[in-house]
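> First the structure, which I've put down as structure tokens, then a few questions once you've had a look.
Protein chains: 2
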Amino acid sequence: MSYFDAASSAPLHPVARQALQASLDEGWADPARLYREGRRARLLLDAAREAAAEAVGCRSDELVFTSSGTRAVHAGIAGALAGRRRVGAHLVVSAVEHSSVLHSAAAHAADGGSVTEVAVGRSGAVTASAFAAALRGDTALACLQSANHEVGTVQPVAEVAGACRDAGVPLLVDAAQSLAWGAVDAPWSLLTASAHKWGGPAGVGLLAVRKGVRFATQGPADERESGRAAGFENIPAIVAAAASLRAVRAEAAAESVRLRALVDRIRARVAESVPDVEVVGDPVRRLPHLVTFSCLYVDGETLLHELDRAGFSVSSGSSCTSSTLTPSHVLKAMGVLSEGNVRVSLPVGAAEADVERFLEVLPGAVEGVRKQLGAPVAGTPGSGSAQDLVVDALGKLCPIPVIELAKVIGDVPVGGVVTVLADDEAARLDIPAWCDMRSQEYVGAHPVGGGTAYRVRRLN
Amino acid sequence: MSYFDAASSAPLHPVARQALQASLDEGWADPARLYREGRRARLLLDAAREAAAEAVGCRSDELVFTSSGTRAVHAGIAGALAGRRRVGAHLVVSAVEHSSVLHSAAAHAADGGSVTEVAVGRSGAVTASAFAAALRGDTALACLQSANHEVGTVQPVAEVAGACRDAGVPLLVDAAQSLAWGAVDAPWSLLTASAHKWGGPAGVGLLAVRKGVRFATQGPADERESGRAAGFENIPAIVAAAASLRAVRAEAAAESVRLRALVDRIRARVAESVPDVEVVGDPVRRLPHLVTFSCLYVDGETLLHELDRAGFSVSSGSSCTSSTLTPSHVLKAMGVLSEGNVRVSLPVGAAEADVERFLEVLPGAVEGVRKQLGAPVAGTPGSGSAQDLVVDALGKLCPIPVIELAKVIGDVPVGGVVTVLADDEAARLDIPAWCDMRSQEYVGAHPVGGGTAYRVRRLN
Chain A
13 MSYFDAASSA PLHPVARQAL QASLDEGWAD PARLYREGRR ARLLLDAARE AAAEAVGCRS
73 DELVFTSSGT RAVHAGIAGA LAGRRRVGAH LVVSAVEHSS VLHSAAAHAA DGGSVTEVAV
133 GRSGAVTASA FAAALRGDTA LACLQSANHE VGTVQPVAEV AGACRDAGVP LLVDAAQSLA
193 WGAVDAPWSL LTASAHKWGG PAGVGLLAVR KGVRFATQGP ADERESGRAA GFENIPAIVA
253 AAASLRAVRA EAAAESVRLR ALVDRIRARV AESVPDVEVV GDPVRRLPHL VTFSCLYVDG
313 ETLLHELDRA GFSVSSGSSC TSSTLTPSHV LKAMGVLSEG NVRVSLPVGA AEADVERFLE
373 VLPGAVEGVR KQLGAPVAGT PGSGSAQDLV VDALGKLCPI PVIELAKVIG DVPVGGVVTV
433 LADDEAARLD IPAWCDMRSQ EYVGAHPVGG GTAYRVRRLN
Chain B
13 MSYFDAASSA PLHPVARQAL QASLDEGWAD PARLYREGRR ARLLLDAARE AAAEAVGCRS
73 DELVFTSSGT RAVHAGIAGA LAGRRRVGAH LVVSAVEHSS VLHSAAAHAA DGGSVTEVAV
133 GRSGAVTASA FAAALRGDTA LACLQSANHE VGTVQPVAEV AGACRDAGVP LLVDAAQSLA
193 WGAVDAPWSL LTASAHKWGG PAGVGLLAVR KGVRFATQGP ADERESGRAA GFENIPAIVA
253 AAASLRAVRA EAAAESVRLR ALVDRIRARV AESVPDVEVV GDPVRRLPHL VTFSCLYVDG
313 ETLLHELDRA GFSVSSGSSC TSSTLTPSHV LKAMGVLSEG NVRVSLPVGA AEADVERFLE
373 VLPGAVEGVR KQLGAPVAGT PGSGSAQDLV VDALGKLCPI PVIELAKVIG DVPVGGVVTV
433 LADDEAARLD IPAWCDMRSQ EYVGAHPVGG GTAYRVRRLN
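Chains as they are written, first to last, in our numbering: chain A, 13 to 472; chain B, 13 to 472.
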């Protein structure tokens with residue numbers, strides 16, 4: 013098996029395992045107690061905090077351990093918003109943040125706050141100027157990830173942090189995907205991360221809040237972790253998280269070069285070996301270990317299943333997987349093709365041979381799925397004999413509406429229009445993306461009974 | 013070392029350790045993913061849920077894993093209150109609940125809700141009739157612990173649950189201290205627990221919500237754990253928690269008999285071997301492993317330190333420990349002496365020989381602390397020559413105000429009054445308790461500049 017989904021969760025790092033096992037005997041007691049077992053637990057907790065703070069680049073009294081990265085984000089956003097309630101209730105986030113950030117924003121909006129989502133370009137990055145333009149006099153908090161979790165694009169955090177500082181707005185940086193590779197080199201106000209993303213155990217998140225940042229913890233009071241993370245501390249896991257962060261950092265310089273080269277190879281080879289593929293995300297300003305591409309006329313779930321059978325574990329932002337019926341909000345915000353989407357995120361130590369095997373297996377897997385779905389073969393122009401056509405794909409899921417469109421586009425003359433009726437959410441993204449890829453004209457969309465009519469003019 | 017503070021946190025059970033180590037290899041992936049590692053993680057999670065639900069006595073789809081018992085309580089109370097918002101915003105809790113419950117109640121009150129605290133008797137138990145009388149037409153939720161965490165008294169949960177059912181009010185039972193010993197045998201609506209209390213790892217709580225109970229999760233949305241517990245699941249810890257719960261349950265019948273006898277021995281021997289001691293909590297309707305007593309004229313922190321030096325780890329509800337300046341709210345609600353308070357909670361497997369050694373060491377340790385503090389020796393009546401006296405103990409911490417009182421009571425004639433000026437919060441509890449123990453009359457208290465004047469009439 014080749015596990016290529018490190019961005020979801022990394023296998024436990026050997027150092028994390030050792031540290032966890034070593035601290036099970038000493039880390040189970042209450043660190044608030046004065047007796048021997050409590051003092052030992054406290055020593056472990058203090059040492060882990062020092063180590064994690066050093067890796068984050070903050071003071072140890074600025075950092076607390078939460079029970080997950082999601083909890084760190086929830087607590088960080090809620091606390092920072094409450095701390096600046098007098099300034100206003102406006103929150104700025106990028107459109108491609110992790111769901112924990114966007115769900116916090118939605119909760120804030122439901123609670124009467126206002127939210128601005130800063131749009132991203134086709135690479136998935138915000139521009140510092142667009143982000144700065146969203147800041148207002150009543151902006152209580154801004155949030156920007158260090159790098160995107162689905163496409164790997166690195167955000168201009170330093171520039172955005174500068175703009176936030178100029179505007180007097182605290183910036184929360186969700187560093188979940190990048191902290192393994194290095195500290196966030198920017199004047200952030202709050203920072204969040206998640207240990208299981210770097211090979212630490214599940215159950216540990218980090219929340220750093222710079223001294224001087226106004227912060228008011230929300231929810232019932234609790235004395236643990238400076239009052240910022242309720243619940244008994246999981247010290248063995250915290251020790252393992254801190255130890256493994258140091259360990260992956262020690263390997264980061266060399267490993268990032270190695271993985272970056274492997275990802276460059278995937279980017280190039282996928283583009284040349286798989287027809288009708290779109291490799292997305294910034295090719296240069298990106299995480300070292302992550303690449304995402306979308307395959308036209310492919311059902312993401314079926315492709316994942318085929319790859320799993322071939323021994324590869326990857327994830328997908330396509331809508332057509334069993335866990336969701338809407339395409340990834342990241343792909344949507346970027347305006348790129350979402351069907352047949354595959355994210356490859358290599359864990360530390362991923363073997364070159366496994367990557368090679370993946371590149372050998374992938375084209376056949378894609379071709380197999382396309383055959384199953386009856387996808388049209390490229391380069392077979394139709395007769396152009398029909399007048400304008402209407403294709404009824406109502407009730408059909410991604411990628412069927414696009415396949416139906418592709419099958420009939422040659423049946424209308426150049427200048428003729430095909431109207432696709434569809435109710436699958438992915439069509440809104442994938443029909444325009446198909447037009448881009450095929451150099452056809454996307455005319456627009458309008459609601460019709462039970463769905464949407466997408467109009468496409470044949471240009472070639 | 014003898015660790016006698018299982019009620020704070022139990023050492024990791026061998027079965028928990030085995031299960032944790034065994035599942036580190038299989039439990040790190042995202043259980044929501046479709047690939048092999050995700051499916052394996054899902055299987056582990058599902059099996060742990062089945063096992064935990066069986067031990068709790070609920071359906072597995074009624075139970076979610078939270079990141080701690082505290083989180084389970086916070087989420088359970090907030091969700092149940094929100095689910096019944098239309099009924100009203102009244103919350104009923106006992107006065108001796110765990111701080112996570114009382115802090116949730118305080119947050120609810122701060123948010124505009126109303127809270128009734130049901131008083132307890134001197135044993136620490138509520139009466140079902142007093143609890144029932146607190147239920148109102150607008151009561152959204154009631155909370156009652158299965159057994160008290162500081163004094164071990166078992167609450168009349170079945171009777172209270174019946175009263176709640178009759179009133180149509182859901183009852184949340186915090187079973188943190190009792191779940192190791194057996195399921196809660198009562199028609200509860202919600203139940204919470206914490207794995208590290210039974211020898212599971214830290215980082216795992218349980219929240220069970222019966223089908224049909226209105227529940228609206230608060231906070232940002234998250235798809236994990238049926239939407240009731242945000243954040244990536246810590247599956248190895250969850251597996252270890254469920255496995256160790258089964259293991260302690262298998263030992264519970266025999267071990268509870270053994271520990272109950274050891275605790276009976278402690279209760280009897282402490283009362284006879286330590287002068288001026290009050291053993292608190294219900295002697296019969298109690299947890300098997302827990303006993304609490306308070307020693308007059310003793311500074312809790314110093315006593316804990318002496319016991320720690322002698323190799324015993326126990327905790328204290330006294331105010332005079334470094335972590336708090338107010339006495340335990342439980343002792344306060346019971347109206348019992350808080351100074352020199354010691355809680356002994358035996359872990360599973362506690363050795364009889366260690367308990368014996370504790371009983372040998374304790375009297376000398378108490379005597380040593382009393383000597384250090386210059387506590388009066390019992391049975392030395394004073395001259396009775398003075399008129400009414402005023403003792404200024406402002407700025408002095410527990411147990412000094414009580415010691416000062418005891419030193420001079422003999423200096424006033426029978427019928428004379430000693431007024432103690434004190435600003436330490438514990439005096440409010442301990443001066444009346446001393447009067448009880450010494451058969452003197454507690455006249456009352458009134459505010460004076462910078463503190464409170466406590467008036468005591470000498471009766472003997």
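By construction, the Cβ of each residue, glycine as well, lies at the ideal position given by its N, Cα and C atoms.
All figures in this text were calculated on a predicted structure; none of them were measured in a lab.
When the Cα atoms are used, what is the spatial distance from Ser72/B to Glu66/B?
8 Å
> Between which two residues does the beta strand (DSSP E) carrying Asp186/A extend?
183-186
> To be precise: take each residue of the stretch 239-254 of chain A, compare its Cβ to all Cβ atoms of chain B, and keep it if any distance is under 8 Å. Which residues remain?
Ala242, Gly243, Phe244, Glu245, Asn246, Ile247, Pro248, Ala249
> Is any heavy atom of the ligand PLP found at a distance shorter than 7 Å from the C-beta of Cys410/B?
Absence of the ligand PLP is noted for the structure shown, with no ligands found whatsoever.
> Determine the burial state of Arg474/A: buried for a count of at least 16 other Cβ atoms within 10 Å of its Cβ, exposed for fewer.
Given a span of 13 to 472 for chain A in the structure shown, any question on residue 474/A remains unanswerable.
> Taking DSSP's pairing of strands, which residues face Gly405/B in a bridge?
The sequence given here places Ala at residue 405/B; Gly does not occur at that position. In DSSP, Ala405/B forms a bridge with Ala434/B.
> Helix, strand or coil: which one does DSSP assign to Pro459/B?
In this structure, Pro459/B counts as strand in the three-state DSSP scheme.
> Give me the Cα-Cα distance between His341/B and Arg52/A, rounded to the nearest whole angstrom.
27 Å
> So, is Arg96/B buried or exposed, given that buried needs 16 or more other C-beta atoms within 10 angstroms?
Arg96/B is classed as buried because its beta carbon has at least 16 other beta carbons within 10 Å across all chains shown.
> To be precise: take each residue of the stretch 187-221 of chain A, compare its Cβ to all Cβ atoms of chain B, and keep it if any distance is under 8 Å. Which residues remain?
Within the stretch 187-221 of chain A, the residues whose Cβ lies closer than 8 Å to some Cβ of chain B are Ser206, His208, Pro213, Ala214, Gly215, Gly217, listed in chain order.
> What's the call for Gly422/A, buried or exposed, on a 16-neighbour Cβ count within 10 Å?
buried
> Got a sec: which bits of the stretch 41-52 of chain B sit with their beta carbon under 7 Å from any beta carbon on chain A, in order along the chain?
Ala41, Asp42, Ala44, Arg45, Leu46, Tyr47, Arg48, Glu49
> Within 10 angstroms of the Cβ of Met346/B, are there 16 or more other Cβ atoms? Answer buried if so, exposed if not.
Met346/B counts as buried, since no fewer than 16 other beta carbons sit within 10 angstroms of its beta carbon.
> Please report the distance separating the alpha-carbon of Gly224/B from that of Ser306/B.
44 Å
> In its own chain, which residues sit with a C-beta less than 6 Å from the C-beta of Phe143/B, not counting the 5 before and 5 after it?
Val130, Val172
> For the beta strand (DSSP E) that Cys307/B lies in, which residues bound it at each end?
302-307
> For a contact defined as C-beta to C-beta under 8 Å, what are the partners of Gln33/B on chain A?
Per Cβ cutoff of 8 Å: Gln33.
> Go to Gly174/A, then tell me how far its alpha helix (DSSP H) extends in each direction, as first and last residue.
169-179
> Taking the runs of the beta strand (DSSP E) that are 3 residues or longer, which of them lie wholly in the stretch 47-90 of chain A?
75-78
> Tell me which residue opens and which closes the alpha helix (DSSP H) that Gly217/A is part of.
Unbroken run through Gly217/A is the beta strand (DSSP E), 217-221; no alpha helix (DSSP H).
> Taking Glu235/A as the reference, which of Phe244/A, Phe227/A, Gly125/A has the closest Cα?
Phe244/A
> Does the beta carbon of Pro23/B sit closer than 8 Å to a beta carbon anywhere in chain A?
yes
> Here's the rule I'm using: 16 or more other beta-carbon atoms within 10 Å means buried, otherwise exposed. How should Gln157/A be labelled?
buried
> With a floor of 3 residues, list each beta strand (DSSP E) that falls wholly inside the stretch 337-391 of chain A, ordered by position along the chain.
353-357
> Going by Cα to Cα distance, which pick from Val414/B, Ala398/B, Val367/B is closest to Pro388/B?
Val414/B
> Can you name the residues of chain A whose CB is closer than 7 Å to the CB of Val15/B?
For the sequence presented, residue 15/B should be read as Tyr rather than Val. Those are Glu49, listed as they occur along chain A.
> So, at 6 Å on beta carbons, what are the nonlocal neighbours of His458/A in its own chain, with the 5 sequence-adjacent residues on each side left out?
Ala465
> Kindly indicate if chain A contains any beta-carbon less than 8 Å away from that of Leu115/B.
In the sequence as displayed, the identity of residue 115/B is His instead of Leu. Closer than 8 Å to some Cβ of chain A, the Cβ of His115/B qualifies, so yes.
> Between Arg97/B and chain A, is any beta-carbon pair separated by less than 8 Å?
no
> Restricting to Cα atoms, I'd like to know which of Leu441/A, Ser111/A, Ala60/A is closest to Asn353/A.
Ranking the options by Cα distance to Asn353/A, first place goes to Leu441/A.
> I'd like to know if Pro26/B contacts chain A, where contact means its C-beta is closer than 8 Å to some C-beta of that chain.
no
> Please confirm if the stretch 246-260 of chain B is in contact with the stretch 164-184 of chain B, defined as three or more CB-CB distances below 8 Å between the two stretches.
no
> Which of the residues in the stretch 396-418 of chain B, read from start to end, lie with their CB under 7 Å from any CB of chain A?
none
> Who are the Cβ neighbours of Ala94/B in its own chain at under 7 Å, not counting the five residues just before and after it?
Ala228, Gln230
> Using a Cβ-Cβ cutoff of less than 6 Å, which residues in the same chain neighbour Ser428/A once the five nearest sequence positions on both sides are dropped?
The identity of residue 428/A in the sequence shown is Gly, whereas the question assumes Ser. Around Gly428/A: Asp400, Arg470.
> Can you tell which of Ala118/B, Glu109/B, Asp436/B has its C-alpha closest to the C-alpha of Ala90/B?
Ala118/B
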